[in-house]
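In the working numbering, the protein residues as written are 7 to 217.
Where is the CB? At the ideal position from N, CA and C, for every residue including glycine.
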């Protein structure tokens, strides 16, 4: 039987870590606006979080946390990943506007969506740090009777967040028939990426690997 206390703690922590616009979320928002293979994309996003959270709670996070240099390397790698996506968004915002056809997402294949979502889920250092390491480390501090509930709570947060993210994007999709909205989106994403990159590096270096 799941521990209600562990579940609520995992749900709360998961929402705190997951609800932030990172590279994976920015990718999901853009593809959701275009209506491209949404169920497949959501399945991969949540499935990836399940894998990472499971690995973390089984002990990987606690083992890695014992080595400060690994945590710092993950944070710096995450910051570089953020900067790369920030620059891509900035370049798109400053370039010529080409409004996609929101009524038809057939110009991108299912294989491309699967590949792109997997890259954002498994090769994103920030996702590894949050879902795999931090949740795993905190899970290791819980009594064994609460760990399963804690993991399920964190997974529930992922399901809730990506459901809201994808559903919300589809609701506001009509606004993105205006070219200026794509520039606003890209400028916003670029700003978030750069701020998060700075905070990630500052926290890692100032906190001795604690992010």
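Pull up the CB-CB distance for residue 172 and residue 48, whole angstroms please, since I reckon it's below 8 Å.
Right, the Cβ-Cβ distance comes to about 6 Å (below 8 Å), so this counts as a contact.
Answer with buried or exposed for residue 131, where buried requires no fewer than 16 other C-beta atoms within 10 angstroms of its C-beta. Taking all protein chains in view, the Cβ of residue 131 is crowded by 16 or more other Cβ atoms within 10 Å, so the residue is classified as buried.
Could you tell me if residue 42 is buried or exposed, where buried requires 16 or more neighbouring beta carbons within 10 angstroms of its beta carbon?
Looking at its Cβ environment, which holds 16 or more other Cβ atoms inside 10 Å, residue 42 is buried.
**OP:** Determine the direct distance from the alpha carbon of residue 24 to that of residue 235, and round the result to whole angstroms.
**Re:** Because the chain in this structure spans residues 7 to 217, residue 235 falls outside the shown range and cannot be described.
Identity of the residue in 92, 18 and 74 nearest residue 29 by Cα | With distances taken between Cα atoms, residue 29 lies closest to 92.
Could you check if residue 204 is buried or exposed, using at least 16 other CB atoms within 10 Å of its CB as the buried criterion? Counting C-beta atoms within 10 angstroms of its own C-beta, residue 204 has fewer than 16 neighbours from the protein chains shown and is therefore classed as exposed.
Q.
Looking at the secondary structure, which residues open and close the alpha helix (DSSP H) in which residue 47 lies?
A. Here the alpha helix (DSSP H) through residue 47 covers 44-61.
- Spatial neighbours of residue 15 within its chain, please: CB distance less than 7 Å, with the 5 preceding and 5 following residues excluded, ordered by chain position. Within the same chain, residue 15 has close Cβ partners 156 and 159.
Which two residues bound the contiguous alpha helix (DSSP H) that contains residue 29? Looking at the DSSP string, the run of the alpha helix (DSSP H) that includes residue 29 is 29-40.
For residue 20, the nearest candidate out of 44, 98, 52 and 37 (CA to CA): Comparing Cα-Cα distances from residue 20 to each of 44, 98, 52 and 37, the minimum goes to 52.
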